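> After the structure tokens below, expect a handful of questions from me.
Residue numbers (my numbering): 99 to 181.
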């Protein structure tokens, strides 16, 4: 089942929650936190396979999984200087 933009998902076990900001064809789910890599409020995660992007709206001891792989955190883009 494809994701839709604006869709909210929550994990009952960890209490974590995410919001889909860019929809893709992959199926989203939650997995256990690995090596202390928990979901942090305000961080974005992206699927390298289908391009789905989510925003963490509630922190928790979990990871987001899409297309069978753990989603990677998106690094913030630097803002231009305002000399």
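All residues carry an ideal CB built from backbone N, CA and C; glycine is no exception.
Just so we're clear, the structure is a prediction, and the values are computed from it rather than from any experiment.
Is it right to say residue 115 is buried, meaning 16 or more other beta carbons lie within 10 angstroms of its own, or is it exposed?
The residue labelled residue 115 in the question sits at position 17 within the chain shown. Buried.
> For the beta strand (DSSP E) containing residue 106, name the first residue and the last one.
Residue mapping note: residue 106 aligns to position 8 of the chain shown, counting from 1. Element bounds for residue 106: 106-108.
> Starting from the Cα of residue 172, find the closest Cα among 124, 159, 143 and give me that residue.
Mapped onto the chain shown, residue 172 falls at position 74. Relative to residue 172, the option among 124, 159, 143 whose CA is nearest is 143.
> Since I believe residue 118 is in contact with residue 132 (beta carbons under 8 angstroms), could you give me their beta-carbon distance rounded to a whole number of angstroms?
Taking the chain shown and counting its residues from 1, the one referred to as residue 132 is at position 34. Taking the chain shown and counting its residues from 1, the one referred to as residue 118 is at position 20. Actually they do not touch by this definition, with Cβ atoms about 22 angstroms apart.
> Taking C-beta to C-beta, are residue 134 and residue 163 nearer than 8 angstroms?
Position 36 of the chain shown, counting from 1, holds the residue named residue 134. Position 65 of the chain shown, counting from 1, holds the residue named residue 163. Using a Cβ distance threshold of 8 angstroms, residue 134 and residue 163 do not count as a contacting pair.
> Quick one, which of 145, 139, 136 has its alpha-carbon nearest residue 101's?
The residue labelled residue 101 in the question sits at position 3 within the chain shown. For residue 101, the nearest C-alpha among the options comes from 145.
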